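Engineer:
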Ligand code: 7PM
């Protein structure tokens, strides 16, 4: 199974690692525009060196309560780093945005895929993704970032998430997005209690069975803090356990901060699985 974007293919017969690259001002201590670009580039190349085949560039914080970012501001953050990474690496670049103009400009600048936590529900996003003609990740979120974590409820967790994703797939196909460009994501932490998150992780195989590649984003998330009482800096082991479960259930793209350690998990699993005839 391959994911294709223009001339470039990604081999999904094995799980791939997507490295997270935040280019929001709070993610870099100031030091001027050039310094920030250089720091981000070094981080991206380091993750590629460690085995990431996709770099997820995000200029709009999805953190609950984060300030809204204008299109111009987001473009100013993401386009220069996409161009810079392209100069030094042929890795896939994913653009983490919900804004149609940012999707289009980023793909023009060299991004190979779109990662939209709003699943292309914002104005113009479906059309932009269809026009861009690259793979798109559709993520489930209940509510909006600002309010999603206040007492999320589901009538039937897995069915609700599945129904939402199937409806977004339908909207994508209607808009002219190719079936083999669609990636699904359960949206861990987005309008879900700790138990919702762990129950969904346990049901990953049901989403894999829908027939689209599944992307999993668990890295350092608060579901582990709630379970284990760990600060951000001490969630690696739990994140790796989560990555292992997701990959064992058939998830093909793992979105993480800690690329090297996650590659170890995937390589161990691949070695073990190589003995299955
Ligand atoms: C605060 C809250 C800061 C949440 C950062 C986050 C995903 C994503 C994010 C995911 C896809 C984080 C999240 N999470 N995109 N973007 N899937 N496709 O922890 O799970 O990285 S932002």
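Numbering (the numbering used here), first residue to last: 608 to 884. Using N, Cα and C, we set each Cβ at its ideal position, and we do this for glycine too. Source: prediction; values computed, not measured.
Residue 865: buried (16+ other C-beta within 10 angstroms of its C-beta) or exposed?
Structural biologist: By the neighbour-count rule (16 or more Cβ atoms within 10 Å), residue 865 is buried.
Engineer: Using the rule of at least 16 other Cβ atoms within 10 Å of the residue's Cβ for burial, across every protein chain shown, is residue 620 buried or exposed?
Structural biologist: Result: exposed.
Engineer: Whole angstroms is fine: what's the gap from residue 786's alpha carbon to residue 821's?
Structural biologist: For residue 786 and residue 821, the distance between alpha carbons rounds to 14 Å.
Engineer: Under 8 Å, with one C-beta from each stretch per pair, do the region 652-671 and the region 686-704 reach the 3-pair mark?
Structural biologist: Yes, the region 652-671 is in contact with the region 686-704.
Engineer: Less than 8 Å between CB atoms is the rule here; does residue 838 satisfy it with respect to chain C?
Structural biologist: The chain inventory of the structure shown lacks chain C, comprising one protein chain alone.
Engineer: Please look up how many angstroms separate the CB atoms of residue 739 and residue 714, rounded, as I've assumed it's under 8 Å.
Structural biologist: About 4 Å; that satisfies the 8 Å criterion.
Engineer: Could you give the first and the last residue of the continuous beta strand (DSSP E) run that contains residue 664?
Structural biologist: Note, residue 664: beta strand (DSSP E), 661-665.
Engineer: Excluding five sequence neighbours on each side, which residues of the same chain lie with their C-beta closer than 6 Å to the C-beta of residue 853?
Structural biologist: Around residue 853: 811, 823.
Engineer: Assess contact between the region 675-692 and the region 723-730, defined as three or more Cβ pairs (one per stretch) separated by less than 8 Å. Is contact present?
Structural biologist: Touching, no, given that fewer than three Cβ pairs across the two stretches are closer than 8 Å.
Engineer: Return helix, strand or coil for residue 849, following the three-state DSSP convention.
Structural biologist: Note: residue 849 maps to helix in three-state DSSP.
Engineer: Give me the DSSP bridge partner(s) of residue 722.
Structural biologist: 703, 744.
Engineer: With respect to the beta strand (DSSP E) encompassing residue 629, which residues constitute its N-terminal and C-terminal limits?
Structural biologist: Taken as a continuous stretch (DSSP letters only), the beta strand (DSSP E) holding residue 629 covers 623-629.
Engineer: May I ask you to list the residues that DSSP assigns as paired with residue 615?
Structural biologist: According to DSSP, which records beta bridges pairwise, residue 615 is partnered with 612.
Engineer: Return the CA-CA distance between residue 735 and residue 784, expressed in angstroms with no decimal places.
Structural biologist: Those two C-alpha atoms are separated by around 10 Å.
Engineer: Enumerate in chain order the residues of its own chain whose CB-to-CB distance from residue 871 is below 7 Å, with the five nearest sequence positions on each side excluded.
Structural biologist: If we look at residue 871 and ignore the five residues flanking it on each side, it has no Cβ neighbours.
Engineer: Would you kindly work out how many angstroms separate the C-alpha atoms of residue 584 and residue 828, rounded to a whole number?
Structural biologist: This structure cannot speak to residue 584, because the chain is shown only from 608 to 884.
Engineer: Determine the DSSP secondary structure at residue 697, reduced to helix, strand or coil.
Structural biologist: DSSP places residue 697 in coil when its eight states are reduced to three.
Engineer: Under 7 Å from any heavy atom of ligand 1, does the C-beta of residue 854 make it?
Structural biologist: Residue 854: no, Cβ never under 7 Å from ligand 1.
Engineer: What number of angstroms, rounded off, separates the C-alpha of residue 731 from the C-alpha of residue 632?
Structural biologist: Roughly 26 Å separates the two Cα atoms.
Engineer: Please return the same chain residues whose Cβ sits closer than 8 Å to the Cβ of residue 806, not counting the five positions on each side in sequence.
Structural biologist: Around residue 806: 764, 765.
Engineer: If contacts are defined as beta-carbon pairs under 8 Å, then residue 610 and residue 742 qualify, I think. What distance do you get, rounded to the angstrom?
Structural biologist: The pair is a contact, with the Cβ atoms about 6 Å apart (cut-off 8 Å).
Engineer: On the CB-based measure, 16 or more other CB atoms within 10 Å of its CB, does residue 831 come out buried or exposed?
Structural biologist: Buried, because 16 or more other Cβ atoms sit within 10 Å of the Cβ of residue 831.
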